[in-house]
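Student:
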Amino acid sequence: LGKYNEDGAILDQVSLPAEVKQVSGIQLVDGSILILDKKSELIHRISENGFYESFYEAKGTHSFFYRDNEVYVAKNNAIEKLGPLTK
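Going by my numbering, the first residue of the sequence shown is number 1226, and it counts up by one from there.
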């Protein structure tokens, strides 16, 4: 993962933890990075420095969204709330 300034110059680069097999979706949340990994069927939570923090099970998830400290996932024809984001 890379951090860039408004001119496109790289400011910092973070290696992904080995637990992340595939990046299928990504969202920045209050100093953490949420990554949908369809291969392992998890939503990984890593720190902005690249340290592994936690995960959510995400079997069959097509996409996800974080809002108001809750994680929502889209599965087939339904949206499910997974619950609050915890450290």
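By construction, the Cβ of each residue, glycine as well, lies at the ideal position given by its N, Cα and C atoms.
Tell me L1267's beta-bridge partners as DSSP assigns them.
Tutor: Numbered from 1 along the sequence shown, position 42 holds the residue referred to as residue 1267. Looking at the DSSP assignment, L1267 forms a beta bridge with D1262 and E1282.
Student: DSSP three-state call for L1253: helix, strand or coil?
Tutor: As a working mapping, residue 1253 is identified with position 28 in the sequence shown. The answer is strand: DSSP assigns L1253 an E or B state.
Student: Output the distance between the C-alpha atoms of E1295 and L1259, rounded to the nearest integer angstrom.
Tutor: Start at 1 with the first residue of the sequence shown, and residue 1295 comes out as number 70. Start at 1 with the first residue of the sequence shown, and residue 1259 comes out as number 34. Distance between the alpha carbons of E1295 and L1259: 12 Å.
Student: Among all the DSSP beta bridges, which residues are the ones paired with E1305?
Tutor: Numbered from 1 along the sequence shown, position 80 holds the residue referred to as residue 1305. According to DSSP, which records beta bridges pairwise, E1305 is partnered with V1298.
Student: Could you tell me if Y1281 is buried or exposed, where buried requires 16 or more neighbouring beta carbons within 10 angstroms of its beta carbon?
Tutor: Numbered from its first residue, the sequence shown carries residue 1281 at position 56. The residue is buried, with at least 16 neighbouring Cβ atoms inside 10 Å.
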